[in-house]
Amino acid sequence: MMHNSSGRLNFDVVKPENNYPSVVSQQNLFATSADIVQKRTHEAIKAATESNLEITDKKQEIRSFIQHINVTCDGCSKSPIIGDRHKCMFCPNIDFCQDCKSLTNHQHDSKHPLICIRDSSLYTSSIYIQNMNKLIHFNTSCVYCSVSPIIGIRYQCIPCGINLCEKCEFLCLHDVSHKRIKIILPE
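In this text, residue positions in the sequence shown follow our numbering: the first is 241, and each later residue adds one.
Structure, rendered in structure tokens:
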């Protein structure tokens, strides 16, 4: 202990206890401090990870209750799709549930991109997630694949006046420098 009563520094001799070393080197002190910091950091990371896992589990649990009413999975025929819905961006009426989205045993082109829709009710006005088999453009056919009638979004080339289906438009089968009209509602 240190005293400063007479203006000088006086030190008392302290007898060490059996549990603690009487001499602690600076190196040993830093090592012990580093161990404590490392242990506390590890505990904090573990607690945060467990908390994040709980939040992730709760989000997945909530997501698993979301139903996509009037939507049937084209892989397993489950209706309604519960949880994430995966809709083909090219085919007018192709949807998959989470379990079937990556399966290859169905008759759908695996190169077509699928959009993940977590909650259909958030996008009720979006043409891209609606059931496109109701968008039938009667008396029109695609000049490249000859599908008739065109179901889904129809594209009409302004200079040429020809019609294209969504697939042929995406594949750029017609001159890409030509401007097109995107026709969503049938005439």
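Here a beta-carbon is modelled for each residue, glycine too, at the ideal position from N, C-alpha and C.
Practice item. Below 6 Å CB to CB, which residues in the same chain sit around Pro353 once its five sequence neighbours on both sides are set aside? Key: The beta carbon of Pro353 lies closer than 6 Å to those of Met329 in the same chain, with the five residues before and after it left out.
Practice item. Quick one: grab the DSSP three-state call for Asp359. Key: coil
Check your understanding: What are the boundary residues of the alpha helix (DSSP H) that Phe410 is part of?
Key -> 406-410
Check your understanding: Can you round the beta-carbon distance between His377 and Ile390 to whole angstroms, since I take them to be within the 8 Å contact cut?
Key -> 4 Å
Exercise for review: Output yes or no for whether 7 Å exceeds the beta carbon distance between Glu453 and Gly392.
Suggested key: Nothing in the structure corresponds to residue 453, since the chain is present only between 241 and 427.
Practice item. Measure the C-alpha to C-alpha separation of Cys316 and Ile424 and round it to an integer number of angstroms. Key: 29 Å
Check your understanding: By DSSP, does His377 sit in helix, in strand, or in coil?
Key -> strand
Review point. Which two residues bound the contiguous beta strand (DSSP E) that contains Lys327?
Key: 325-328
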